[in-house]
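Enquirer:
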């Protein structure tokens, strides 16, 4: 069904042409009542027929290659309208022989005019329903892509947890025999961390303040695993605390820094986390030391960083939001999160 504005446009178009045609017929010497009746009946038939067939295009829409069908339909419909017009006029004005003779003489012109008007109505209707169909198709495609994107994002987030969970459970198992109190503490911390993760399942974006609170739980667990070897320094500008970023984005960055900062080095390791705001971006920087003799950080963009880059692409359609740099035995990961203006 056409929306109300299209129906009103049809009516407005019919009234306009009724006035134009009635004025033209009156200027040719016809009586005012005859001119108005002629114009009104002509345009009522044309608009009614055009609207009826146009509505039918909602259920059958010929493609661009089948556009010739519209010409055939319009020609047939115009002929029907002219036959009906002649039928009604001959009964309404039986005694007006001069006018009826004028009608018979102008039937070819009326046929051409009716065909052009009906064709115009059909083309406008076809364009409306064709555009509507394409828009609905694009909306369905966008909805399908959104669902696929959300499913992939969910899958990426779910893949992060088992890796960390297995490591934590292994650490708890190792602590149970030697340090049961620490094992108990770690179980509580792990429970709080997983509970926080579940609360974020339905959240696409969170504030940096919430993300840092969740990250603190993760770091407390890791500090139980690595003891004094793991040290962290978090520097955050005040204006960044309410900026938004994808939920659980910092954890894989920090986990990657711990992996390449502690696993292949000896002694204490300091992980630096910085958050700054610039040009409508939230910029997060994670730094960790590395030993070039024992590790190859250029190959260290495994699942952790690749999953972050994939999530950023799915959310923002950009490949330049994550960068890495190696300099002076320091590996730096930087991400930029666009902020809504």
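Residue numbers (the working numbering): 2 to 342. All C-beta atoms, glycine included, are put in the ideal place defined by N, C-alpha and C.
From the DSSP output, which residues share a beta bridge with residue 232?
Expert: By 1-based counting over the chain shown, the position of residue 232 is 231. Residue 232 is bridged to 271.
Enquirer: Tell me, to the nearest whole angstrom, how far the beta carbon of residue 219 is from that of residue 252; I am working on the premise that it is less than 8 Å.
Expert: If you number the chain shown from 1, residue 219 lands on position 218. If you number the chain shown from 1, residue 252 lands on position 251. Indeed, because the Cβ distance is near 5 Å, the residues count as touching under 8 Å.
Enquirer: According to DSSP, is residue 243 helix, strand or coil?
Expert: What you label residue 243 is simply residue 242 of the chain shown in a count that begins at 1. Reduced to three states, the DSSP call for residue 243 is coil.
Enquirer: When you compare each of 30, 94, 29 and 11 to residue 53 by their alpha carbons, which one comes out closest?
Expert: The count along the chain shown starts at 1 and reaches residue 53 at position 52. Nearest option by C-alpha distance: 11.
Enquirer: In this structure, does DSSP put residue 310 in helix, strand or coil?
Expert: Looking up residue 310 in the chain shown gives position 309. Residue 310 falls in the helix class under three-state DSSP.
Enquirer: For residue 333, which residues in the same chain have their Cβ closer than 8 Å to its Cβ, ignoring the five residues on either side in sequence?
Expert: For the purposes of this step, residue 333 is taken as the residue at position 332 of the chain shown. Same-chain partners within the cutoff: 286, 287, 288, 325, 326 and 327.
Enquirer: Which residue from 337, 98 and 282 puts its Cα closest to that of residue 309?
Expert: In the chain shown, counting from the first residue as 1, residue 309 sits at position 308. Out of 337, 98 and 282, 337 has the C-alpha closest to the C-alpha of residue 309.
Enquirer: Between the Cα of residue 222 and those of 80, 248 and 170, spot the shortest distance and give me the residue it belongs to.
Expert: Here residue 222 corresponds to residue number 221 of the chain shown, with the count starting at 1. Looking at the Cα atoms, 170 is the closest of the given residues.
Enquirer: Measure from the alpha carbon of residue 279 to the alpha carbon of each residue in 249, 315 and 240, then state which is nearest.
Expert: Along the chain shown, one-based indexing puts residue 279 at 278. Residue 279 has its Cα closest to that of 240, out of 249, 315 and 240.
Enquirer: Note down the Cα distance separating residue 134 from residue 140, rounded to an integer number of angstroms.
Expert: Here the question's residue 134 lines up with position 133 in the chain shown. Here the question's residue 140 lines up with position 139 in the chain shown. The straight-line gap from Cα to Cα measures roughly 10 Å.
Enquirer: Can you check the stretch 59-145 for any alpha helix (DSSP H) of at least 4 residues that lies completely inside it and give the ranges in chain order?
Expert: Entirely contained in the stretch 59-145, the alpha helix (DSSP H) runs reaching 4 residues are, in chain order, 69-93.
Enquirer: Using DSSP with H/G/I as helix, E/B as strand and the rest coil, what is residue 301?
Expert: The count along the chain shown starts at 1 and reaches residue 301 at position 300. For residue 301, the predicted model reports a pLDDT of 43, less than 50, meaning its position is unreliable; a value from the coordinates is still stated below. Note: residue 301 maps to coil in three-state DSSP.
Enquirer: What does DSSP give as the partner residues of residue 287 in its beta bridges?
Expert: Counting from 1 along the chain shown, the entry for residue 287 is found at position 286. 274 and 334.
Enquirer: Mind checking whether residue 346 and residue 46 have CB atoms under 7 Å apart?
Expert: It is not possible to answer for residue 346, since the shown part of the chain is limited to 2 through 342.
Enquirer: Rounded to the nearest angstrom, what separates residue 314 and residue 207 at their Cα positions?
Expert: Stepping through the chain shown from its first residue, residue 314 is reached at position 313. Stepping through the chain shown from its first residue, residue 207 is reached at position 206. Roughly 17 Å separates the two Cα atoms.
Enquirer: Kindly list the residues whose CB is nearer than 6 Å to the CB of residue 40, restricted to its own chain and excluding five residues on each side of it in sequence; keep chain order.
Expert: Position 39 of the chain shown, counted from the first residue, corresponds to residue 40. So the list reads 19, 22 and 23, once near-sequence residues are dropped.
Enquirer: Taking contact to mean at least 3 C-beta pairs separated by less than 8 Å, is the stretch 117-131 in contact with the stretch 69-89?
Expert: The answer is yes - the stretch 69-89 touches the stretch 117-131, with three or more Cβ pairs under 8 Å.
Enquirer: To which residues of the same chain is residue 83 closer than 7 Å at the C-beta, ignoring the five residues directly before and after it?
Expert: As a first step, residue 83 is located in the chain shown; it is residue number 82 there, counting from the start. For residue 83, where only same-chain residues beyond five positions count, the Cβ hits under 7 Å are 108, 111, 112 and 115.
Enquirer: In whole angstroms, what is the alpha-carbon distance linking residue 233 and residue 273?
Expert: Here residue 233 corresponds to residue number 232 of the chain shown, with the count starting at 1. Here residue 273 corresponds to residue number 272 of the chain shown, with the count starting at 1. Whole-angstrom Cα-Cα distance: 6 Å.
Enquirer: Please classify residue 340: does DSSP put it in a helix, a strand, or coil?
Expert: Locating residue 340 in the chain shown gives position 339, counting from the first residue. Note: residue 340 maps to coil in three-state DSSP.
Enquirer: Within 10 angstroms of its Cβ, does residue 126 collect 16 or more other Cβ (buried), or is it exposed?
Expert: Along the chain shown, read from residue 1 onward, the residue named residue 126 stands at position 125. With 16 or more other Cβ atoms within 10 Å, it is buried.
Enquirer: Using the rule of at least 16 other Cβ atoms within 10 Å of the residue's Cβ for burial, across every protein chain shown, is residue 256 buried or exposed?
Expert: To locate residue 256, count along the chain shown from 1; it is residue 255. Buried is the call here.
Enquirer: Which residues share a DSSP beta bridge with residue 325?
Expert: Taking the chain shown and counting its residues from 1, one reaches residue 325 at position 324. Answer by DSSP bridge pairing, in chain order: 334.
Enquirer: Relative to the C-alpha of residue 77, which candidate in 99, 51 and 89 has its C-alpha closest?
Expert: Numbered from its first residue, the chain shown carries residue 77 at position 76. If we check each option's Cα against that of residue 77, 51 comes out closest.
Enquirer: What residue range does the beta strand (DSSP E) around residue 206 cover?
Expert: Taking the chain shown and counting its residues from 1, the one referred to as residue 206 is at position 205. Start and end: 206-208.
Enquirer: Going along the chain, which residues of its own chain have a beta-carbon closer than 8 Å to the beta-carbon of residue 282, five neighbours each way excluded?
Expert: The sequence position of residue 282 within the chain shown is 281, counting from 1. 337, 338, 339 and 340, listed in sequence order.
Enquirer: In the DSSP assignment, what residue or residues form a beta bridge with residue 237?
Expert: Here residue 237 corresponds to residue number 236 of the chain shown, with the count starting at 1. The partner list for residue 237 (beta bridge, DSSP) reads 276.
Enquirer: Residue 209 to residue 195, Cα distance in whole Å?
Expert: For the purposes of this step, residue 209 is taken as residue 208 along the chain shown, with counting starting at 1. For the purposes of this step, residue 195 is taken as residue 194 along the chain shown, with counting starting at 1. Rounded to the nearest angstrom, the two C-alpha atoms are 18 Å apart.
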